[in-house]
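Accompanying notes for the structure given below.
There are 2 protein chains.
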Amino acid sequence: MSGFALDPRLALDTQFVADGPLSQLRLMDDSRFAWLVLVPRVADASELIDLGADAQRLLLAEVNHAGNLLRACFPCDKLNFGALGNIVRQLHVHVLARTRDDAAWPGPVWGAGSAQRMAADAGARRLQLLREHLNAEFWRPG
Amino acid sequence: MSGFALDPRLALDTQFVADGPLSQLRLMDDSRFAWLVLVPRVADASELIDLGADAQRLLLAEVNHAGNLLRACFPCDKLNFGALGNIVRQLHVHVLARTRDDAAWPGPVWGAGSAQRMAADAGARRLQLLREHLNAEFWRPG
Numbered sequence: 001m002s003g004f005a006l007d008p009r010l011a012l013d014t015q016f017v018a019d020g021p022l023s024q025l026r027l028m029d030d031s032r033f034a035w036l037v038l039v040p041r042v043a044d045a046s047e048l049i050d051l052g053a054d055a056q057r058l059l060l061a062e063v064n065h066a067g068n069l070l071r072a073c074f075p076c077d078k079l080n081f082g083a084l085g086n087i088v089r090q091l092h093v094h095v096l097a098r099t100r101d102d103a104a105w106p107g108p109v110w111g112a113g114s115a116q117r118m119a120a121d122a123g124a125r126r127l128q129l130l131r132e133h134l135n136a137e138f139w140r141p142g
Numbered sequence: 143m144s145g146f147a148l149d150p151r152l153a154l155d156t157q158f159v160a161d162g163p164l165s166q167l168r169l170m171d172d173s174r175f176a177w178l179v180l181v182p183r184v185a186d187a188s189e190l191i192d193l194g195a196d197a198q199r200l201l202l203a204e205v206n207h208a209g210n211l212l213r214a215c216f217p218c219d220k221l222n223f224g225a226l227g228n229i230v231r232q233l234h235v236h237v238l239a240r241t242r243d244d245a246a247w248p249g250p251v252w253g254a255g256s257a258q259r260m261a262a263d264a265g266a267r268r269l270q271l272l273r274e275h276l277n278a279e280f281w282r283p284g
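As they're listed, the protein sequences go chains A and B.
So in my numbering, the last spot in the first sequence is 142, and the numbers never skip.
So in my numbering, the last spot in the second sequence is 284, and the numbers never skip.
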């Protein structure tokens, strides 16, 4: 996994939550949505299907854990998953808890208006809530 | 797998390409994008992470095959994957070959304008191209 470096745009837009077996779990800094991002710690990874089979299985496990974590923390009507990378090429997988009254429903969150940065205390509360519900056998809080 | 029925909206918007081990592979009827959709033949499936582990592994294999199939048929700059389901609840996974000059780049295709239905001959050509490149050991053309 040497050579991995987090893309500067992802570093700016997200906060570290925990490390999974493959990826960093990060919280998107946007108060409008309950939005996690998984970033595999694999140098130069861009396309999901170019990851090796073992890495893909780990990522799938992380997607499951992240989805269930959101459900546990934020009541929602639908989970959304996406891997786009048209702007930030570094491989990252979005995991979202959507609600019928959120700012983009029923559309996608990507490209929907501008991020509303969280106030420091609100961001800290979300991080604390997520960390309280993390499966400690799967995630390392760093 | 009994009890599966394709959602009427998906039936209207897509054409059958082939059956994978878990899912129907379908072509979105939108000339603007090279756009496949995987629909697991599982009754009442809605959330990706509520599929059983075996089904998830099959779906992951299908995602890989579908992405490589698009690459073989349509030169592209980036693959996009998404599972949203905010409008059509039936579980379906989008697999797209995006190009820098396509109608929605770099934004997502979901919610980007209106579908441009393919003329019958153009749709038939795309289906033929896809079927020529299908891995016949994996997909059954029905």
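Every residue, glycine too, gets a C-beta built ideally from N, C-alpha and C.
Exposure label - residue i; buried when at least 16 CB within 10 Å
i	result
Gln-221 (chain A)	Within the shown structure, residues of chain A are numbered from 1 to 142, placing residue 221 (chain A) beyond reach of any answer.
Gln-116 (chain A)	exposed
Leu-154 (chain B)	exposed
Arg-151 (chain B)	exposed
Leu-136 (chain A)	For the record, residue 136 (chain A) in the displayed sequence is Ala; it is not Leu. With fewer than 16 Cβ atoms within 10 Å of its Cβ, Ala-136 (chain A) is classed as exposed.
Ser-256 (chain B)	exposed
Ala-120 (chain A)	exposed
Ala-55 (chain A)	buried
Arg-268 (chain B)	buried
Rounded Cβ spacing between residue i and residue j (contact assumed at less than 8 Å)
i	j	result
Cys-73 (chain A)	Leu-130 (chain A)	6 Å
Ala-176 (chain B)	Leu-238 (chain B)	7 Å
Asp-171 (chain B)	Gln-157 (chain B)	6 Å
Between the CA atoms of residue j and residue i - distance to the nearest angstrom
i	j	result
Asn-68 (chain A)	Arg-26 (chain A)	15 Å
Ile-49 (chain A)	Ser-2 (chain A)	20 Å
Val-37 (chain A)	Asn-222 (chain B)	15 Å
Gly-107 (chain A)	Ala-225 (chain B)	12 Å
Arg-240 (chain B)	Trp-247 (chain B)	7 Å
Val-184 (chain B)	Glu-204 (chain B)	15 Å
Gly-85 (chain A)	Leu-91 (chain A)	7 Å
Ser-46 (chain A)	Asn-206 (chain B)	14 Å
Asp-44 (chain A)	Ala-53 (chain A)	16 Å
Arg-100 (chain A)	Met-118 (chain A)	21 Å
Arg-199 (chain B)	Arg-57 (chain A)	8 Å
Gly-142 (chain A)	Leu-212 (chain B)	38 Å
Phe-138 (chain A)	Glu-274 (chain B)	43 Å
Close-in-space but distant-in-sequence residues of the same chain around residue i (CB under 7 Å, 5 per side omitted)
i	result
Arg-140 (chain A)	Ala-18 and Asp-19
Asp-244 (chain B)	Arg-174 and Phe-175
Ala-208 (chain B)	Leu-167, Leu-178, Leu-180 and Val-237
Val-230 (chain B)	Asp-149, Arg-151 and Leu-152
Phe-146 (chain B)	Arg-183, Val-184 and Ala-185
Same chain only: Cβ atoms within 8 Å of residue i, ignoring 5 sequence neighbours per side
i	result
Trp-110 (chain A)	Gly-82, Leu-84 and His-94
Leu-201 (chain B)	Leu-164, Ser-165, Leu-180, Pro-182, Leu-190, Leu-193 and Val-235
Ala-112 (chain A)	Ala-103 and Ala-104
Gly-265 (chain B)	Gln-157, Leu-169 and Asp-171
Beta-carbon proximity list for residue i, same chain, < 6 Å, skipping 5 on both sides
i	result
Lys-220 (chain B)	Arg-240
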